[in-house]
Structure formats: structure tokens, C-alpha cells
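Residue numbers (my numbering): 1 to 292.
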């Protein structure tokens, strides 16, 4: 297998190679090759599970590396909400393989479940509104696919995958346009002419007086960045009166502020914190090693 970032198999292969480049000296010198381990994945605190595919991959690859056998007897699916003390999975197999996989599986499960748990908190906070919680490109390099899957596990949605997938004109882009002596509306219309008809065009504004030129270009999404609640309500009303564009809000979004933002009628609330500030969740692998 060729390790490729952004897939569970690729991330796990790279992680295993990093963690034991010449094997696990401790297990190989201490444990009999035929020793068998039973292990349970146990939650130490409540949360939402994510990363199950990565954990399964870690155990499968570790078994192959150690020349043993390993069965994932059960593993809760991503999106499972759990309480402290819940058993989320069980594995049984050659002890050397179980212990080779343990840290990698837990690192990914703990991090990704933290992302899913924080996302679920944001989703719960806007329940009853029409707003979707979406992530951003503020992801860990090489882990974007895994982190974005964790966002979905928590009930959130994904923004554009990469710079290649959609047009998102931000303040720095507009600054260059204006400094070049170009008209914003004309420049945006030229974008529409140069990209595929399936390409979404989104434009970020940080002041109400920027909206007119953007709406005149018939864009698909308007991003209102760091607006006060009053200005956000005004901006949403203006977009609705002039366009079919979706309205996204961003900037300064927290669990304390997200409900108020959603109540202004926006379609999307983008939250970089989902992947940037998620706390690692406390999960453990309780292992018993015995003779075969």
C-alpha cells in the first residue's frame, strides 16, 4: 500500500511508520509472539464518536506488520453519542499487534471524537433555526478528510474542500482588485464567465456598503464576516430582497454567540473552531494480555 494522506489507510500507515520505524522494541523483546490480548475501547467522558474507520485500519495494519491476527469484534459507528463508562468497541488478537495499534488508534479517535463532540454542541445550539453549521479550511495538514468526516459525524456540514473546488473571494482578493483599478462588479462577472457553470462563487464582505457591488454580480453565496447582529440582520434582508444567494456568517463565532447569529436568518454559519479548537476527548483502551 502506498501511504496517501487524507484517507484513513494512508494516515494510519504514515502514523505507524512514524511510531515504530524499526518495530516495537518493548513488545517484541517482552511479549511471547503467541500472546493474545483482549481490549475494550472505553469512554472516560461523554461525547460523540468519530474516527472509527481510522481505528479499525490501525488494528488491521498493525496485525499485518506484526505477523499476527486481530479481529475488531465490535466498534460503534461514527456519530454515536455516548456517556462516560460506555464500551465503544472490542478487539481481540495477537498482543503485539494490539499494542502496536493502541496509541495510533487512540490518538485519532480522541482527536476526531473531540471534533465531532464540539460540532454537535454547535449544532445543538442552533437547533430550531434554519442555519447549518459548516467547517472551514482551518484543518490539520494531512488530516482534512478525517477531520471533515468528524464534523459530519457531529451533525455539521462541510465547506469547500480546497482552493480548487469553488471561488471564494475574500477581503485580500478584493483589495488587490481595487488596487488594480478594477470595478468589483465587473471583476466578479468576469469570474463567472471564466469558470464552469457548476462552480460556486462566494464573496466575503465585512461592511454593509460593500454589498451593492457584490449583489450586482449575481453571486451564489454572500459571506458576511464579523458583522454585528444588527448589521447581520440588515445584510440578510438586503440579500433576500435582491438575490437568491445563500447567506453565510463567519467571524467571532462561539458557543455563546452562535445562536444569536443563526437567529438573524443566515443559511450557514462557518466555524473554524470546529477543527482548530476542539479538545481531545478522553478515551481509553483497557487491555488484558494472556497466553494463547
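For every residue, glycine included, the Cβ atom is placed at its ideal position computed from N, Cα and C.
Computed from a prediction, not measured in an experiment: that's the story for all the values here.
- Message: Our contact map puts residue 201 next to residue 214 with C-beta atoms below 8 Å; I'd like the distance itself, whole angstroms only.
- Response: Taking the first residue of the chain shown as position 1, residue 201 is located at position 201. Taking the first residue of the chain shown as position 1, residue 214 is located at position 214. Taking C-beta atoms under 8 Å as the contact rule, residue 201 and residue 214 fail to qualify, at a distance of about 10 Å.
- Count the other CB atoms within 10 Å of the CB of residue 288; is the residue buried (16 or more) or exposed (fewer)? For the purposes of this step, residue 288 is taken as residue 288 along the chain shown, with counting starting at 1. Flag for residue 288 reads exposed.
- Would you mind working out which of 270, 265 and 243 sits nearest residue 254, comparing C-alpha positions? On the chain shown, residue 254 is found 254 positions in, with the first residue counted as 1. With respect to the C-alpha of residue 254, the residue from 270, 265 and 243 having the closest C-alpha is 270.
- Message: Strictly by DSSP, which residues pair up with residue 157?
- Response: Your numbering for residue 157 matches position 157 in the chain shown. Note: residue 157 sits in a beta bridge opposite 134.
- Name the two residues that bound the continuous alpha helix (DSSP H) containing residue 190. Working through the chain shown from its first residue, we reach residue 190 at position 190. Counting along the chain, the alpha helix (DSSP H) containing residue 190 begins and ends at 184-194.
- Message: For the region 44-64 against the region 130-145, do three or more pairs of beta-carbon atoms, one drawn from each stretch, fall closer than 8 Å, so that the two count as touching?
- Response: Of all C-beta pairs linking the region 44-64 to the region 130-145, fewer than three are shorter than 8 Å, placing the two stretches out of contact.
- Of the listed residues 104, 91, 61 and 227, nearest to residue 74 (C-alpha basis): Within the chain shown, residue 74 is the residue found at index 74, counting from 1. If we check each option's Cα against that of residue 74, 91 comes out closest.
- Message: By the three-class DSSP mapping on this structure, what secondary structure does residue 292 have?
- Response: Position 292 of the chain shown holds residue 292. Confidence in residue 292 is poor, its pLDDT being 47 and thus under 50, which makes the residue's placement unreliable; the coordinate value appears in the next sentence. In this structure, residue 292 counts as coil in the three-state DSSP scheme.
- Query: Given that a residue counts as buried once 16 or more other Cβ atoms are within 10 Å of its Cβ, and exposed if not, what is residue 235?
  - Reply: Your numbering for residue 235 matches position 235 in the chain shown. By the Cβ neighbour-count rule, residue 235 is buried, with 16 or more other Cβ atoms within 10 Å of its own.
- Do residue 49 and residue 60 come within 9 Å of each other at the CB atom, strictly closer than that value? Start at 1 with the first residue of the chain shown, and residue 60 comes out as number 60. Start at 1 with the first residue of the chain shown, and residue 49 comes out as number 49. No, the pair does not count as a contact, with Cβ atoms beyond the cut-off.
- By the 10 Å Cβ neighbour count, where 16 or more other Cβ atoms means buried, how is residue 199 classified, buried or exposed? Taking the first residue of the chain shown as position 1, residue 199 is located at position 199. By the 16-neighbour rule on beta-carbons within 10 angstroms, residue 199 is exposed.
- Between residue 279 and residue 125, is the Cβ-Cβ spacing less than 9 Å? Translated into positions along the chain shown, residue 279 becomes position 279. Translated into positions along the chain shown, residue 125 becomes position 125. Result no, Cβ atoms of residue 279 and residue 125 do not sit closer than 9 Å.
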